[in-house]
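The working numbering puts the first residue of the sequence shown at 954, with every later residue one more than the last. Here is the structure we will look at, set down as structure tokens.
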Amino acid sequence: MDDDRKKPPMEPSLTYTYKQVENTIINLDVFLPSKRYGARNIPSPIMLFIHGGAWIGGNRQEFSRPVFEEFLSHEFVVVSTDYRLVPESSFVNGQLEDIRDVETWIKTEMPSKLKDHGFDVQTEQIVVVGGSAGALLALLTPKLWKTKPSAILAIYGPTNMHGCLVVQLPQAH
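Rendered as structure tokens:
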């Protein structure tokens, strides 16, 4: 098995700002597959990665290289997103809003930006992957997004948030 520590860091193909809230700029990185459906005029599916960090840390550059490489080898366009962190923003009013807004950006802005680089994407084919805190955010996308993702991969994500002080989910009445 290859030792990922010996490999050079994976650099994104493109970086974009998908949102700005007051003075906070929120970016995402796009990784383009080396082989692509585009050569056969078939748009590439999309994988969105949401990083972990206990909702208080982490960033879009902290990801599982083997997971990214696997999706890229299957000709996915891979997107790794930042989101606002606690305590600068709240879970409900910041992070959930950011994850909702990244869907809008992917579906409305990304296709034309990638077309400039020779890529077409299937905006109706989005797989959402999250690690740890990002896994919980990934699991919430069916409730947050206008269109449910094609699949969700939650990597070591918390599912029982009872008593968690960082995550205050709205209570059902």
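Here a beta-carbon is modelled for each residue, glycine too, at the ideal position from N, C-alpha and C.
In the structure shown, PRO1095 falls within a helical segment according to DSSP collapsed to helix, strand and coil. Bounds of the alpha helix (DSSP H) holding LEU1025 are 1018–1026. By the neighbour-count criterion, in which 16 or more other beta carbons inside 10 Å mark a residue as buried, SER997 falls on the buried side. Rounded to whole angstroms, the Cβ separation of TRP1098 and GLU1062 is 15 Å, and the two are not in contact under 8 Å. Contact annotation: the stretch 967–985 touches the stretch 1030–1038, with at least three C-beta pairs closer than 8 Å. With a beta-carbon spacing of about 15 Å, ILE1079 and LEU1025 fall beyond the 8 Å limit used to define contacts.
Looking at the backbone, the Cα of LEU981 and that of ILE1059 are separated by about 10 Å. Per DSSP, SER1065 is not a residue of any beta strand (DSSP E); the alpha helix (DSSP H) it occupies stretches across 1063–1068. In the three-state DSSP reduction, ASN980 falls in the strand class (E or B). Closest by C-alpha distance to GLU1023, out of ILE1009, ILE999, ASN1012, GLY1005, is ILE999.
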